[in-house]
Structure formats: C-alpha cells, structure tokens
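Chemist: The opening residue of the sequence shown carries number 7 in my numbering; numbering runs sequentially from there. Okay, here's the structure, questions in a sec.
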Amino acid sequence: MKICDVCGLPEELCVCEEIAREVQTVKVYTVRRRFGKLMTIVEGIDEHDIDIKELTKELKAKCACGGTAKKGQIELQGDHKRKVKEVLSDIGFSSDTIEIRDTDKKFNKRRRN
C-alpha cells in the first residue's frame with residue numbers, strides 16, 4: 007500500500023487533488039486567432055496538483071470541440087466560457103474562484119479591409 011507524500015493518507019483515500027481544486031484561481035477568456043477564429047483559454051490551473059491532460063480531455067468532450075493543453079493552459083476551439091465554468095464547477099472547482107473575463111485585448115486585432 008502506497009502512502010501520499012503530501013497528505014500522508016493511502017493513495018486510495020488521498021484528497022490532495024480535491025483540495026487543490028478548491029484553492030486555485032482559474033481564469034477563462036477568449037482570444038481571436040488566425041482567420042478570425044475564437045479560442046477559449048483556461049489558465050491558472052497548477053499542473054503539479056491536477057492532471058491537466060485529463061482535464062483537457064474532459065472539457066473537450068463536454069464542450070464538443072477540439073483543443074489542447076499548452077504551456078500550463080488549456081485551449082479550446084470556439085467560445086465556451088460559460089460551459090467551461092459550468093463543467094469546472096461540476097468537477098469540483100469552486101465557482102467563486104473561476105473568473106470569466108471578456109476578450110483579452112492583447113491578441114485581438116481587427117482586420118481592416
């Protein structure tokens with residue numbers, strides 16, 4: 007039987023990931039990428055405490071879209087801000103710590119015709 011190094015409980019009863027979910031501040035926003043396509047960005051999730059690849063897989067399935075995990079953030083194709091907050095709350099993240107921002111101005115540039 008293995009024991010968790012962080013909480014000292016057996017791995018079957020380990021609560022480290024659940025505690026980490028409640029504490030983290032998650033930011034969700036959209037950016038406009040090439041060819042005017044929107045991407046929903048989820049950042050602020052600690053990769054050391056939570057399996058970000060598994061979380062990405064679950065978000066992609068629930069939002070019915072494509073996406074990836076890069077540089078500690080999750081990128082989903084399309085505008086899924088509200089749905090992501092709903093899914094993260096269901097998974098165990100505190101809805102108070104999930105911040106939905108309007109579009110990040112840094113990446114949004116309007117094309118001139």
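All C-beta atoms, glycine included, are put in the ideal place defined by N, C-alpha and C. Being a predicted model, the structure only gives us computed values, none of them experimental.
Is the beta carbon of Leu65 less than 8 Å from the beta carbon of Val93?
Modeler: Contact: yes.
Chemist: Assign Leu82 to one of two classes, buried (16 or more other C-beta atoms within 10 Å of its C-beta) or exposed (fewer than that).
Modeler: Buried: at least 16 other Cβ atoms inside 10 Å.
Chemist: Give me, in chain order, the residues of the same chain whose beta-carbon lies closer than 7 Å to that of Asp149; leave out the 5 immediate sequence neighbours on both sides.
Modeler: Limits of the chain in this structure are 7 at one end and 119 at the other, which puts residue 149 out of reach.
Chemist: Consult DSSP for Ile25 and reduce its assignment to one of helix, strand or coil.
Modeler: Residue state, collapsed to three classes: helix.
Chemist: Once the 5 residues before and after Thr74 are set aside, which same chain residues still bring their CB inside 8 Å of it?
Modeler: Once the five neighbours on either side are set aside, the close Cβ partners of Thr74 are Thr62, Ile80, Glu81.
Chemist: Tell me the residue span of the beta strand (DSSP E) that contains Leu44.
Modeler: Per DSSP, Leu44 belongs to the beta strand (DSSP E) from 44–49.
Chemist: Return the residue from the list Gly84, Glu60, Phe41 that minimises the CA-CA distance to Ala70.
Modeler: When only C-alpha atoms are compared, the closest one is Gly84.
Chemist: Is Lys87 helix, strand or coil by DSSP?
Modeler: Reduced to three states, the DSSP call for Lys87 is helix.
Chemist: Could you check which residue in Arg88, Asp102, Ile97 has the C-alpha nearest to that of Asp108?
Modeler: Among Arg88, Asp102, Ile97, the Cα nearest to that of Asp108 is on Arg88.
Chemist: Take Ile106 as the anchor and find which of His54, Gly50, Lys77, Gly72 has the nearest alpha-carbon.
Modeler: Selected option, being the one with the closest Cα: Gly50.
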